[in-house]
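Protein chains: 2
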Amino acid sequence: MRSSRVAGQPRYAVVAQALTEDILSGRYSVGAILPSEHALCTQFDISRHTTREALRRLQALGLVTRRAGVGTQVKSNHIAQRYVQVGDTISDLYQYAKDMVLNVLEMTDIEADADAAALLGCSKGQAWSKLRGVRVTDGGDEVVALMDAYIARTYRGVLGDIDGADLPIWSLIESRYGVVPAEVRQQISATTLSRAEAENLSAREGDPALRITRHYLTEALDVYEVAISLYPAERFTYSNTLRIEHLASVS
Amino acid sequence: MRSSRVAGQPRYAVVAQALTEDILSGRYSVGAILPSEHALCTQFDISRHTTREALRRLQALGLVTRRAGVGTQVKSNHIAQRYVQVGDTISDLYQYAKDMVLNVLEMTDIEADADAAALLGCSKGQAWSKLRGVRVTDGGDEVVALMDAYIARTYRGVLGDIDGADLPIWSLIESRYGVVPAEVRQQISATTLSRAEAENLSAREGDPALRITRHYLTEALDVYEVAISLYPAERFTYSNTLRIEHLASVS
DNA sequence: CTGTTACGAATGTCCGGACAATTTGTCCAC
DNA sequence: GTGGACAAATTGTCCGGACATTCGTAACAG
């Protein structure tokens, strides 16, 4: 018996709603395989086309992934907000280094002690390369930021490419190793410059500054780069524009 | 005559690729209406189902919008990077006010002078309501932020709801007027507290603080709320996690 | 001139069927 | 055991058709 059509609700929406609830409530846990298209067709007494439309919605919501030969797998048990980054100012998440050059001051290989392990989110003793440098404007006449970066030892090879580069480090890693950032965690806080920091930045002690810490993670959620940048307030404002994507609700 | 199938390329991908190039190159400008599904079916000699699959891809890339009775309209002439916000910390873009209460200090109606017009991105003389308040923790024992907000006079009605609210103002406007933010522009900068600011925040003069300015815009890109918040550094770090969406390329 | 109605055009919602491509696992030969 | 051939299950790619819903506009009525 065909399930009766609810007023104003397309059939695929009914199915999508039901499956969404099952996923959000945990009846299907993350990693579980949903019933096959054929099974859903039988269960809801709808055509395969309609079933696929329903599953397409779940996919658009980021709840499931689909693979031929495998099935429909639950990817996430909550619906995340989606943003589209617009504009291309110097300070955009991925473009903040545009028109700037990175001059290396110091490079060392380290094994993470307790402090570093906490910062980097790794176990004690893990091997990293540490780098200290300044970002200067393309002409080289103004220091914009002081940066400490930690790079997983695996990608040590980029160290040679960094001095004088006008690209972010993660981008150098990408072109050399093919590692793309899949997730970026950032913390932005306010601070005042210490004597030593002010010296490197040709600013005054006590001046306000923005401290931006970014963790770059691979698809497998391994941290492979951490960058901590210090931007004197008068030379830098972090700004971005986010456009909210209007996701078609399943209901 | 049916267009021959390129090796490894589904038919819909060929169509999607062709249309994408036409949009990116500007042959179809933003706002233009693409040929109808029927026309594309004839042009490429494919079924309507295949045509719709191609257009679905363009939609997923954010290049077009589709409306029944109208057609497929070009929305953007470039492919933007997509981020998905994950996590739900206190400082997430839309959740930063969680577990906090807003206490109003002062409310006034203003007409924008030159300074205000520049800040709000409106013409001089436009009518706004200005509000000064502090965000305190739920228990009320700690001041977390000092906030100046400007609300378009049209939504003046929310002013009565604000004192003591534990929601962001835009959220109050949404529930009362049905206005949803479609775009948010934010600037984050570092500063040090002035004497007066420190007093309101029970902090010390010269302490570092984060100044976050947010413009909330409607779908039509009208600014309807501007919030400027001052967070003493030791009580607040702005942090968020962005997951990069792997958009299926059309090719 | 203004408000209403009617029509056409476009996308949205469904159904049916067929074959291709991908993946996983089983079974057999070596 | 190990490797390869094979089969089964699953999603992906296409085709055809039918009717519903939405929206702009043109014709019409007042």
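Protein sequence lines correspond, in order, to chains B and E. For the first sequence, counting from 1, position 30 maps to 30 in our numbering; every step adds exactly one. For the second sequence, counting from 1, position 69 maps to 1069 in our numbering; every step adds exactly one. A virtual CB, placed ideally from N, CA and C, is assigned to each residue, including glycine. Computed from a predicted model, the values in this text were never measured in an experiment.
Meets three-Cβ-pair contact criterion under 8 Å: the stretch 188-203 of chain B and the stretch 135-146 of chain B: yes
Rounded separation between B:F236 and E:Y1083 - CA only: 23 Å
Local conformation of E:I1169 per DSSP, three classes: helix
8 Å Cβ cutoff met for B:S76 and B:G62: Between B:S76 and B:G62, the C-beta spacing is below 8 Å.
Contact with chain B by E:R1235, beta-carbon distance below 8 Å: no
Through-space distance from B:D113 to E:D1115, alpha-carbon basis: 51 Å
Cutoff 8 Å: B:L93 Cβ touching any chain E Cβ: Because the pLDDT of B:L93 is 48, which lies under 50, any placement of that residue in the model is unreliable, and the question is left without a value.
Through-space distance from B:Q187 to E:L1212, alpha-carbon basis: Residue identity differs from the one stated: residue 1212 of chain E is Ile in this sequence, not Leu. Each residue's alpha carbon lies about 14 Å from the other.
Three-pair Cβ contact test at 8 Å for the stretch 123-138 of chain B versus the stretch 150-158 of chain B: yes
Three-state secondary structure (DSSP) of B:L63: Coil at B:L63, not helix or strand.
Alpha-carbon spacing of E:R1185 relative to B:H38, whole angstroms: Looking at the two C-alpha atoms, the distance is approximately 46 Å.
Cβ pair count under 8 Å reaching 3, the stretch 159-169 of chain B against the stretch 1007-1022 of chain E: no
For B:G71, the nearest candidate out of B:L102, B:E234 and B:P35 (CA to CA): Taking only the C-alpha atoms, the option nearest B:G71 is B:P35.
Amino acids of chain B, ordered along the chain, whose beta-carbon sits closer than 8 Å to that of E:Y1238: Q187, I188 and S189
Residues from the stretch 1051-1065 of chain E in contact with chain B, defined by Cβ distance under 9 Å: Residues R1056, A1060 and G1062.
Interface residues of chain B facing E:T1192 [CB-CB closer than 7 Å]: T192 and P208
Cross-strand partners of B:I228 (DSSP beta bridge): B:D148 and B:T213
Neighbouring residues, chain E, relative to B:Q9 (Cβ below 9 Å): Within chain E, no residue comes near B:Q9; the closest Cβ sits about 17 Å away, beyond 9 Å.
E:P1208 versus E:Y1177 - alpha carbon distance: 37 Å
Close Cβ partners of E:E1183 (< 6 Å) along its chain, the five nearest in sequence each way excluded: L1217
Per-residue DSSP class, three states only, for E:E1106: strand
Endpoints, the alpha helix (DSSP H) within which E:Q1009 is located: Careful: E:Q1009 lies outside any alpha helix (DSSP H) and carries neither H nor E.
CA-to-CA distance, E:N1240 to E:A1068, given in whole angstroms: Looking at the two C-alpha atoms, the distance is approximately 37 Å.
Nonlocal neighbours in the same chain, by C-beta distance under 7 Å from E:A1190, ignoring five residues either side: P1208 and L1210
Beta carbon of B:V101 nearer than 8 Å to that of B:D166: Yes, Cβ-Cβ distance for B:V101 and B:D166 is below 8 Å.
Which listed residue (E:I1079, E:Q1085, E:A1080 and E:E1111) has its alpha carbon closest to that of B:Q81: Among E:I1079, E:Q1085, E:A1080 and E:E1111, the Cα nearest to that of B:Q81 is on E:Q1085.
Check whether E:L1105 and E:V1134 have beta carbons under 8 Å apart: yes
One or two residues paired with E:R1185 in a DSSP bridge: B:T241 and E:H1215
Simplified DSSP assignment, three categories, for B:R153: helix
Cα-Cα separation, E:S1123 to E:I1110: 13 Å
B:T264 burial status per 10 Å Cβ neighbour count (16 or more: buried): Since the first and last residues shown for chain B are 1 and 251, residue 264 of chain B lies out of range.
Cβ-Cβ separation, E:V1064 to E:G1031 (assumed contact under 8 Å), whole Å: At roughly 11 Å, the Cβ-Cβ gap does not stay under 8 Å, so E:G1031 and E:V1064 are not in contact.
Positions along the stretch 1161-1190 of chain E whose CB lies within less than 9 Å of some CB in chain B: V1180, P1181, A1182, E1183, V1184, R1185, Q1186, Q1187, I1188, S1189 and A1190
Under the three-state DSSP convention, the category B:E21 falls into: helix
Residue environment, B:L242, which counts as buried when at least 16 other CB atoms sit within 10 Å: buried
Option nearest B:A220 by Cα separation, candidates B:G121, B:T42 and B:P181: B:P181
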